[in-house]
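Number of protein chains: 2
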Amino acid sequence: MSETNSIINTGLRGVTVASTKISHVDSDASKLIYRGYLITDLAKNTTYEELVHLLLFEKLPSQAQLKILSQRLASERAIPETLIAALKTRPKTALPMDVLQAAIAMLANHDPDAAKLTKDNTEDIAVKLVAKIPTIVAAWDRIRNGMEPVPPDTNLNHAANFLYMLTGEKPEDQTARDFDICLVLHAEHSFNASTFAAREVASTRAHMYAAVSAAVGSLSGELHGGANSRVMEMLITIDSIDAIENYVNHALDSGGLIMGLGHAVYKNGDPRALILAPMSKQLGERIHNTKWYELSTVLEEKTKAAFKARKGIDIYPNVDFYSASVYYSMGIPIDLFTPVFAISRIAGWTAHVIEEQFAGAAPKPALYRPSSAYVGDYCGPDECAFVPMDQR
Amino acid sequence: MSETNSIINTGLRGVTVASTKISHVDSDASKLIYRGYLITDLAKNTTYEELVHLLLFEKLPSQAQLKILSQRLASERAIPETLIAALKTRPKTALPMDVLQAAIAMLANHDPDAAKLTKDNTEDIAVKLVAKIPTIVAAWDRIRNGMEPVPPDTNLNHAANFLYMLTGEKPEDQTARDFDICLVLHAEHSFNASTFAAREVASTRAHMYAAVSAAVGSLSGELHGGANSRVMEMLITIDSIDAIENYVNHALDSGGLIMGLGHAVYKNGDPRALILAPMSKQLGERIHNTKWYELSTVLEEKTKAAFKARKGIDIYPNVDFYSASVYYSMGIPIDLFTPVFAISRIAGWTAHVIEEQFAGAAPKPALYRPSSAYVGDYCGPDECAFVPMDQR
C-alpha cells in the first residue's frame, strides 16, 4: 500500500455519536460523573457491587437490592469446566488479553439464551459477565503458570475474591478495599474506544458477549488499555530517584512523553489520580516498600516542572500513573494490568450495550454505518479498465 | 433503565470518518468499485486469490505474483492441532459465529508475532487469516456433527478447498467457480458495521487478530450479516409459488419488509444481485432443483409490483437475496451463511486494518474517540448528592 497523505482519519474527535445517561466526563471541571454521582463520592463510599447496580440499573441500591445483586454476582462467578478445558489448550505464552477476548466469545457457547435480545436477558448476561470475567483472568494466570485455577469463594466480595483466585490467598481487608476502589474508579469513562467498539457491535443486534469480546479487543491496543503496564515498565527501567531527572530530560529532548502524565480528556487533572496517589503511598507503607510510590511522586514533580519550564503548560497524572504502583504492590503481574482494567470496565461496557440496544423510543438501534471518502486514484479520476492476466 | 426519548443515536449516517483507497460504493450509479475496478469486471474475470492480492497489495497480480500468493494461502490453510482441541471443547449447540469470533482471537495465541505492529507483519497476518478462516468454519461444522475435520487440500484453489473441507467431497468445477465468484462479490463493501468495528479496534494499535475477531462479532448481528440466512428461512416458510402473493401482502400490510429486497445503500439496484440471480438459476438447473430460484424470482417480481403499487417506489434485490438460494443449493447449512460471508469479507477487513494502521503520513492512527452528549437527569440539571445506604 503506497504511503500517501491523502488518507485522512479524524478519529471522530469532536463528533457526537449518541447521547448517553451513563456517564459524563467534564473535562474543564475535571469531574467524572456516573449516572449523576461524582466519582470522588462513589470511590469513597461505595463498593464495586453497589457501583454495578448504579451503572446497570440506574440507581444506587438499597440494602436489600445490594444483597440480591451481590448474591447473584457471587453465584455466577464459576466458569464452565469445558471453558477451563479450552483455556488449557492455549499456549502458555498467549497474551492474557487475547485469551480474555476469546474466552468471552466462548462464554456465549454455554448460554442457550445468548442471542435472546430482550432487555431482561441482556441485563442477566451483563451480571454474568461482571461475575465471570475476573474468574477467567485469574484462571488463565494460574493455568499459564502450571497451576490449577482457584475456584471462586462466595464468602468474599467481588474485589477480594479476584485477588484470592489470583494468588490462592485471602487478601488483607485494606488491600481488598483498595482494589475495590480501583474497580470503582475504572468502571466507566464514556465513549472511549473500547466502549464505542462494544456499542458499535451491539448496534447490529449482536449479543452482549460478541460486543464485550470486541471491547476487550479494542482495549488490548497500546493506545488504549496498555498505559498503566507501560507506566510500571518505565518505573522499573528508571529504578532509582537519582535517574529521574535524566530520564525526563531525555524523554522530552527526543519529543517523547512520560507515560501516565497528561490525559487527552481532563485539562486540569484526572480526579481518579487524586484518589490513587495516597492509596499507592499507604499501600507501599503497609507492605514496607514505598519505592514505587516514591519514584512515581518524584517523577510526577520533575515532569511537571519540566513541562512548565519548557512549554509553559501544566500537566497532571492520569488514572494510569498511580494505578501502576498500586497494582504492582498488590502483586498483580504487569501483563494483567489491562485485563484488570477489563474486570472493572465490564460494568461500563455492559451498561452501554444495554443503552445502545434498549434505550430510547425506537424499537431498534440504528446500526453504525459511517461514510468514507473514496480517494482511490489507481487510474486517475476514472475507473480502471480491466487488465487481463497476460497483460499485467 | 427508564425508557426515554432523550437518547439519540444517529448511527453515524452521513458522517465521513475517514478517507479510503480500498473501495467505493457509488449508490446513485449502482457501482461497486474495489481499488479502481468495477465489481462486475472482477466477478467475471478474477478468482478470489487475485482479488485478495488486489485488496491487500493494491494491484491485480501478475501471473508470477498470483502463483506466490496462491501458494502462501494454500500453505497457511492448516490450523493448529491445539486450536482444533479447543474447538472440540465447545458445546455442539454453539453458534458458528460465536465459535469463529473466539477462534480468531485464539489464533493470536499461536502467532509469536501477533502483536508486532509492522506493516509487513500485519500483511502476513492478513494472508494467514484469509487462509485459515475457511478451515475454522469447516472444522467447526464437522466437529459439531460428530466428525473429524477434513484437512485442507493444497491442490484445490481457495473456493474449492472450502467446499471440500465442509463436505469431504471435491466440488464440481462449475460449483467451485460459482462459490469463487460469491467470495469475490462479498469481499469488500466500504465502511459497513463490521469493517468499521475492525478499523475501530485497529485504531488503538490492537493487533489484526483482535480487530478481525471484533469484526466477526459485529457481523454476527442480525441487522448486518444475518440477512441471507433469513432470506432462505423465508423461502422455506413460503415453500410454494402459490403462497407468495399472500406472503407479500401480509408482510406489507403489517408494515414489514421482504428480506433481501431493497438496500440501504444502492438506490437503483445492487450490482452484485445481477450476477447472483443467473448463477442461482444455472446452479438450480445443474442440480435439478430450481425451486428456490423460481420462488426467489417470483417473490422479487411480486414484491416489486406491490411496492410500486402501494408506495410508488422501485425496489431491487440486494446481494443477500439470490446468495441465499445459491448457498443452499451448494449444500451449505443455513447457519453457515454468515460465516461464509466472513470467509469472503476477511479480505476487506484485513485491507482496512492495514489502511487504518499504516496508511497516511502520520506515524500512528488517531484512536477513534467520539463524543457523546450526557443527558443524565437523575438529580435535575445538578449532580446528585451522595445518599448513604441507610437512607436509600
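Sequences listed follow chains A and B, in order. The first sequence maps to residues 561 to 952 in the working numbering. The second sequence maps to residues 561 to 952 in the working numbering. Cβ atoms here follow ideal geometry from the backbone N, Cα and C, with glycine treated the same way.
Tell me the residue span of the beta strand (DSSP E) that contains HIS955/B. Nothing can be reported for residue 955/B, as the shown portion of chain B is limited to 561 through 952.
Alpha carbon of LEU743/B to alpha carbon of LEU783/B, nearest angstrom: Walking along the second sequence from the start, residue 743/B turns up at place 183. Walking along the second sequence from the start, residue 783/B turns up at place 223. Their Cα atoms are separated by approximately 20 Å.
Could you tell me which chain A residues have their CB closer than 9 Å to the CB of SER630/B, listed as they occur along the chain? Numbered from its first residue, the second sequence carries residue 630/B at position 70. Correct list: empty, because the minimum Cβ distance to chain A is about 13 Å.
What did DSSP end up calling PRO621/A once you bin it into helix, strand or coil? Numbered from 1 along the first sequence, position 61 holds the residue referred to as residue 621/A. PRO621/A: coil per DSSP, three-state reduction.
Is there a Cβ of chain A sitting closer than 8 Å to that of HIS965/B, yes or no? With chain B covering 561 to 952 only, the question about residue 965/B has no answer from this structure.
Cβ pair VAL585/B, HIS749/B closer than 8 Å: Indexing the second sequence from 1 puts residue 585/B at position 25. Indexing the second sequence from 1 puts residue 749/B at position 189. Yes, the Cβ-Cβ distance between VAL585/B and HIS749/B is below 8 Å.
Out of ALA775/A, PRO877/A, ALA884/A, which has the shortest C-alpha to C-alpha gap to ALA689/A? Taking the first residue of the first sequence as position 1, residue 689/A is located at position 129. It should be pointed out that residue 689/A corresponds to Leu in this sequence rather than to Ala. For the residues ALA775/A, PRO877/A, ALA884/A, the minimum Cα distance to LEU689/A belongs to ALA775/A.
Hey, could you find the ends of the alpha helix (DSSP H) PRO941/B is sitting in? For this step, residue 941/B is matched to residue 381 along the second sequence. Where PRO941/B is concerned, there is no enclosing alpha helix (DSSP H), although the beta strand (DSSP E) it sits in stretches over 938-941.
Scan the stretch 710-772 of chain B and note each continuous beta strand (DSSP E) run of 3 residues or more that stays entirely inside, going in chain order. none
Between which two residues does the beta strand (DSSP E) holding SER579/A run? The residue given as residue 579/A occupies position 19 in the first sequence. That run of the beta strand (DSSP E) goes 576-580.
Assign GLU683/B to buried or exposed, taking buried as 16 or more other Cβ atoms, counted over all protein chains shown, within 10 Å of its Cβ. On the second sequence, position 123 is the one that residue 683/B refers to. So GLU683/B counts as buried.
Members of the stretch 774-785 of chain A near chain B, C-beta cut-off 9 Å: ALA774, ALA775, VAL776, GLY777, SER778, LEU779, SER780, GLY781, GLU782, LEU783, HIS784, GLY785
Would ASP684/A pass as an interface residue toward chain B - the criterion being a Cβ-Cβ separation below 8 Å? Taking the first sequence and counting its residues from 1, the one referred to as residue 684/A is at position 124. Judged by the 8 Å Cβ criterion, ASP684/A is not in contact with chain B.
Would ILE599/B and TYR769/B be called neighbours here (beta carbons separated by less than 8 Å)? In the second sequence, counting from the first residue as 1, residue 599/B sits at position 39. In the second sequence, counting from the first residue as 1, residue 769/B sits at position 209. It is not a contact, given that the beta carbons lie outside the stated cut-off.
Among SER932/A, GLY940/A, GLY829/A, PHE918/A, which has the Cα closest to the Cα of LEU616/A? Residue 616/A sits at position 56 when you count from the first residue of the first sequence. That would be PHE918/A, whose Cα lies nearest to the Cα of LEU616/A.
Determine the burial state of HIS912/B: buried for a count of at least 16 other Cβ atoms within 10 Å of its Cβ, exposed for fewer. As a working note, residue 912/B is residue 352 in the second sequence. HIS912/B is buried by the Cβ-count criterion.
Check whether the Cβ atoms of ALA668/A and ASP658/B lie closer than 8 Å to each other. As a working note, residue 668/A is residue 108 in the first sequence. As a working note, residue 658/B is residue 98 in the second sequence. For ALA668/A and ASP658/B, yes; Cβs fall inside 8 Å.
Any beta carbon from chain B within less than 8 Å of PRO651/A's own beta carbon? Numbered from 1 along the first sequence, position 91 holds the residue referred to as residue 651/A. Yes, because at least one Cβ of chain B sits closer than 8 Å to the Cβ of PRO651/A.
Kindly say whether ASN913/B, judged by its beta-carbon, lies nearer than 8 Å to any beta-carbon of chain A. Position 353 of the second sequence, counting from 1, holds the residue named residue 913/B. In the sequence on display, residue 913/B carries Val and not Asn. Not one chain A Cβ lies under 8 Å of VAL913/B.
Do you know offhand how far GLY844/A's Cα is from LEU620/A's? Sequence index remark: in the first sequence, residue 844/A carries index 284 (1-based). Sequence index remark: in the first sequence, residue 620/A carries index 60 (1-based). Spanning the two alpha carbons is a distance of roughly 32 Å.
For THR642/B, which option in ALA634/A, ARG637/A, ALA654/A, LEU633/A has the closest C-alpha, if you only look at C-alpha atoms? Your numbering for residue 642/B matches position 82 in the second sequence. The shortest Cα separation from THR642/B among ALA634/A, ARG637/A, ALA654/A, LEU633/A belongs to ALA654/A.
Cα separation between TYR608/A and HIS718/A? Here residue 608/A refers to the residue found at position 48 of the first sequence. Here residue 718/A refers to the residue found at position 158 of the first sequence. Taking the straight line from one Cα to the other gives about 7 Å.
Interface residues of chain A facing LEU655/B [CB-CB closer than 8 Å]: Along the second sequence, read from residue 1 onward, the residue named residue 655/B stands at position 95. Under the 8 Å cutoff, chain A gives ALA668, ASN669, ALA674, ALA675.
Under 7 Å by beta carbon: chain A residues contacting GLN661/B: Along the second sequence, one-based indexing puts residue 661/B at 101. Under the 7 Å cutoff, chain A gives ALA665, ALA770, SER773.
Cβ separation of GLN503/B and SER622/A, assumed to be a contact under 8 Å, to the nearest whole Å: Examination of residue 503/B is not possible in this model, given that chain B is present from 561 through 952 alone.
DSSP has LEU821/A in a bridge; who is on the other side? Indexing the first sequence from 1 puts residue 821/A at position 261. The partner list for LEU821/A (beta bridge, DSSP) reads PRO877/A.
Would you call the stretch 688-706 of chain B and the stretch 794-807 of chain B touching, i.e. three or more CB-CB distances under 8 Å? no
Please state if the CB of ARG790/B and the CB of MET819/B are separated by a distance shorter than 8 Å. Stepping through the second sequence from its first residue, residue 819/B is reached at position 259. Stepping through the second sequence from its first residue, residue 790/B is reached at position 230. Yes, these two residues count as a Cβ contact at 8 Å.
Does DSSP put ILE804/A in a helix, in a strand, or in coil? Translated into positions along the first sequence, residue 804/A becomes position 244. Helix at ILE804/A.
Of all the CB atoms in chain D, is at least one closer than 8 Å to the CB of THR570/A? Absent from the structure: chain D. Protein chains present are A and B.
Work out the CA separation of CYS944/A and THR857/B for me, nearest whole Å. Taking the second sequence and counting its residues from 1, the one referred to as residue 857/B is at position 297. Taking the first sequence and counting its residues from 1, the one referred to as residue 944/A is at position 384. Approximately 33 Å between the Cα atoms of the pair.
TYR934/A lies in the beta strand (DSSP E); which residues open and close that run? Taking the first sequence and counting its residues from 1, the one referred to as residue 934/A is at position 374. Note, TYR934/A: beta strand (DSSP E), 931-934.
With a threshold of 8 Å on Cβ separation, who are the neighbours of ALA698/B within its own chain once the five nearest residues in sequence on each side are excluded? The residue labelled residue 698/B in the question sits at position 138 within the second sequence. Same-chain partners within the cutoff: PRO709, VAL710, PHE722, MET725, LEU726.
To the nearest whole angstrom, what separates the beta carbons of VAL575/A and THR580/B, a pair I think is in contact under 8 Å? Translated into the one-based positions of the first sequence, residue 575/A becomes position 15. Translated into the one-based positions of the second sequence, residue 580/B becomes position 20. Not a contact, Cβ separation roughly 17 Å.
Going by other Cβ atoms of all chains shown within 10 Å of its Cβ, with 16 needed for buried, is ARG870/B buried or exposed? Reading the second sequence from its first residue, position 310 is the one you call residue 870/B. By the neighbour-count rule (16 or more Cβ atoms within 10 Å), ARG870/B is not buried but exposed.
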